[in-house]
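Read through the structure below, which is laid out as C-alpha cells, and then see the notes.
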Amino acid sequence: YDLVRAPRFVGFDNFRELAGDDVFRVAVTNSLVFAAIAVPLRLAAALGLALLLHRRMPGVGAYRSATVLPTVVPDIAYGLLWLWLLNPLYGPVNTLLGWGGAPNFTWIGYPLPQWLTHPNDARAAIIILSLFTIGEGFVVLLVTRQGLPTELYDLAALEDVTAWGLFRRVTLPLMAPVLLLLLARDTIFSLQATLVPALVVTEGGPPLYSTTYVPLFVYRNAFEYLRYGYASAATLLMLVLTAGIVLAQLALLRRYRLGTG
88 YDLVRAPRFV
98 GFDNFRELAG
108 DDVFRVAVTN
118 SLVFAAIAVP
128 LRLAAALGLA
138 LLLHRRMPGV
148 GAYRSATVLP
158 TVVPDIAYGL
168 LWLWLLNPLY
178 GPVNTLLGWG
188 GAPNFTWIGY
198 PLPQWLTHPN
208 DARAAIIILS
218 LFTIGEGFVV
228 LLVTRQGLPT
238 ELYDLAALED
248 VTAWGLFRRV
258 TLPLMAPVLL
268 LLLARDTIFS
278 LQATLVPALV
288 VTEGGPPLYS
298 TTYVPLFVYR
308 NAFEYLRYGY
318 ASAATLLMLV
328 LTAGIVLAQL
338 ALLRRYRLGT
348 G
C-alpha cells in the first residue's frame, strides 16, 4: 500500500520479503546490540547519580535539574546539538580529546574518533547520546532511594559496614524490583528511541547501514519509499520481539519476588 493505489491483500508476502531483506536483518541486529549495551549503561548511570544526589548538599537541586534537563529537550534539537558537538572538523568533543586539535589522542596515541563516518565510532556516538537522556529513570531511582528506611542504615553504621557492603546487602536488594521494572521500560525505550539520533546525526549510517536501526528502517520504508504495508510488517515483527524480551524480563522479576518472598 502506497497511499496512491488501492490497498491489496498480499497475505504473508511482506513477512517473507522481510525474512530475505539483508538491510532489515542488519537493522534488527543493530537495535539488539544497541539495547544490550545502552540499557545496562543507562541504568547504571541513573542508579549512580541517584545514589550520589539523594543527600542534601550545596547545589544538589542544580545537579538534579541538569541530569533531567536533556530528557525534556525536543529530540530534533537534541540531535542537532550532538551533530555539532561530534563534528570531526570543529566539534568541541574532538577538540577536547585532541588537546586543541591534535590528530591523535595525545596521551594514548590513537586517532580521534570519526563519529559521523566510521561505523564503530558512529554506533558509539548513538549510545553516548542515549546516556544523557536518563532523566526519567534517575527521578524514579532518586525517589526510591529517598524512600528506603533509614533504620537499616543506622543499624549498618553501628556494625561498621563498609560503603560497598551497605550497597550490596541493603541498598541494591531493596531497589532491585524498581531496577527490574526500569530494565523492562528502558528496553522498550531503547528499541524505539534511535530514530532521531540515527536520522539527524548519522543519517542511518556511515557505509553498510551501521546505524540503521529498526525505527529508521520503518520510517524510510513508510515515508521515503511509500511502502506502508512493508513498514507495518517490520513494525509488527519488532513489536513481537520487544514483547518477548519484556516478558522474559518480567518472568525474571516474578522469580525474584518468589525467591525473596
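Counting from 88, one number per residue, gives the positions in the sequence shown under our numbering. In this text, a Cβ means the ideal position worked out from N, Cα and C, and glycines have one as well.
Proximity of Arg232 and Met262 at Cβ, strictly below 8 angstroms: Start at 1 with the first residue of the sequence shown, and residue 232 comes out as number 145. Start at 1 with the first residue of the sequence shown, and residue 262 comes out as number 175. A contact, by the Cβ cut-off of 8 angstroms.
Same chain, Cβ closer than 6 angstroms to Val288, five either side skipped, listed in chain order: The sequence position of residue 288 within the sequence shown is 201, counting from 1. Hits under 6 angstroms: Gly166, Trp169, Leu170.
DSSP-derived helix/strand/coil call for Pro236: The residue you call residue 236 lines up with position 149 of the sequence shown. Coil at Pro236, not helix or strand.
Burial state of Asp247, where buried means 16 or more other Cβ atoms lie within 10 Å: Counting from 1 along the sequence shown, the entry for residue 247 is found at position 160. That one is exposed.
Inter-residue CB distance, Val301 and Ala321 (contact presumed, cutoff 8 angstroms): For the purposes of this step, residue 301 is taken as residue 214 along the sequence shown, with counting starting at 1. For the purposes of this step, residue 321 is taken as residue 234 along the sequence shown, with counting starting at 1. Between Val301 and Ala321 a beta carbon distance of about 7 angstroms is seen, short of the 8 angstroms cut, so the two are scored as contacting.
Cα-Cα separation between Gly153 and Ala137, rounded to whole angstroms: Start at 1 with the first residue of the sequence shown, and residue 153 comes out as number 66. Start at 1 with the first residue of the sequence shown, and residue 137 comes out as number 50. Residue identity differs from the one stated: residue 153 is Ala in this sequence, not Gly. Going from the Cα of Ala153 to the Cα of Ala137 covers about 13 angstroms.
As assigned by DSSP and simplified to three states, the class of Pro294: Locating residue 294 in the sequence shown gives position 207, where the first residue counts as 1. Residue state, collapsed to three classes: helix.
Endpoints, the alpha helix (DSSP H) within which Tyr306 is located: Indexing the sequence shown from 1 puts residue 306 at position 219. Run containing Tyr306: 301-306, per the alpha helix (DSSP H) assignment.
Identity of the residue in Ala212, Val160, Arg143 nearest Leu172 by Cα: Here the question's residue 172 lines up with position 85 in the sequence shown. Among Ala212, Val160, Arg143, the Cα nearest to that of Leu172 is on Ala212.
Inter-residue spacing [alpha-carbon to alpha-carbon] between Phe254 and Thr281: Position 167 of the sequence shown, counted from the start, is the residue given in the question as residue 254. Position 194 of the sequence shown, counted from the start, is the residue given in the question as residue 281. Their Cα atoms are separated by approximately 33 angstroms.
Residue range of the alpha helix (DSSP H) that includes Leu278: In the sequence shown, the residue the question calls residue 278 occupies position 191. Its alpha helix (DSSP H) spans residues 259-279.
CB contact flag (Gly316, Val160, <8 angstroms): Position 229 of the sequence shown, counting from 1, holds the residue named residue 316. Position 73 of the sequence shown, counting from 1, holds the residue named residue 160. Not a contact, by the Cβ cut-off of 8 angstroms.
Buried versus exposed call for Gly224 [16 or more other C-beta atoms within 10 Å across all chains shown]: Here residue 224 refers to the residue found at position 137 of the sequence shown. With 16 or more other Cβ atoms within 10 Å, it is buried.
Buried or exposed by the 16-neighbour rule on C-beta atoms within 10 Å, applied to Asp100: Taking the sequence shown and counting its residues from 1, the one referred to as residue 100 is at position 13. So Asp100 ends up on the exposed side.
Leu259 to Leu266 span [Cα, whole Å]: As a position in the sequence shown, residue 259 is number 172, starting the count at 1. As a position in the sequence shown, residue 266 is number 179, starting the count at 1. Their backbone Cα atoms lie some 9 angstroms apart in a straight line.
Exposure of Gly331, with buried meaning 16 or more beta-carbon neighbours within 10 Å: Residue numbering aside, residue 331 sits at position 244 when the sequence shown is read from its first letter. Gly331 should be labelled exposed.
Three-way DSSP call (helix, strand, coil) for Asn101 in this model: Here the question's residue 101 lines up with position 14 in the sequence shown. In this structure, Asn101 counts as helix in the three-state DSSP scheme.
DSSP three-state assignment for Ala338, whether helix, strand or coil: As a position in the sequence shown, residue 338 is number 251, starting the count at 1. Ala338 falls in the helix class under three-state DSSP.
Proximity below 8 angstroms, CB of Val327 to CB of Ala318: Within the sequence shown, numbered from 1, the residue matching residue 327 stands at position 240. Within the sequence shown, numbered from 1, the residue matching residue 318 stands at position 231. No. Outside cutoff.
Of the residues Thr329, His205, Glu238, Trp202, the one placed nearest Arg272, counting alpha carbons only: Taking the first residue of the sequence shown as position 1, residue 272 is located at position 185. Of the candidates Thr329, His205, Glu238, Trp202, the one whose C-alpha sits nearest the C-alpha of Arg272 is Thr329.
Three-state secondary structure assigned by DSSP to Leu170: To locate residue 170, count along the sequence shown from 1; it is residue 83. Three-state result, Leu170: helix.
Among His141, Leu340, Arg342, the one whose alpha carbon lies nearest that of Phe235: As a working mapping, residue 235 is identified with position 148 in the sequence shown. It is worth fixing the name first, because residue 235 is Leu in this sequence and not Phe. Checking every option, the nearest Cα to that of Leu235 belongs to His141.
For Phe219, the three-state DSSP class (helix, strand or coil): For the purposes of this step, residue 219 is identified with residue 132 of the sequence shown, where counting begins at 1. Coil.
Rounded separation between Leu130 and Leu337 - CA only: Taking the sequence shown and counting its residues from 1, the one referred to as residue 130 is at position 43. Taking the sequence shown and counting its residues from 1, the one referred to as residue 337 is at position 250. Cα to Cα, Leu130 sits roughly 17 angstroms from Leu337.
CA-to-CA distance, Arg92 to Val226, given in whole angstroms: Numbered from 1 along the sequence shown, position 139 holds the residue referred to as residue 226. Numbered from 1 along the sequence shown, position 5 holds the residue referred to as residue 92. Spanning the alpha carbons of Val226 and Arg92 requires a straight line of approximately 48 angstroms.
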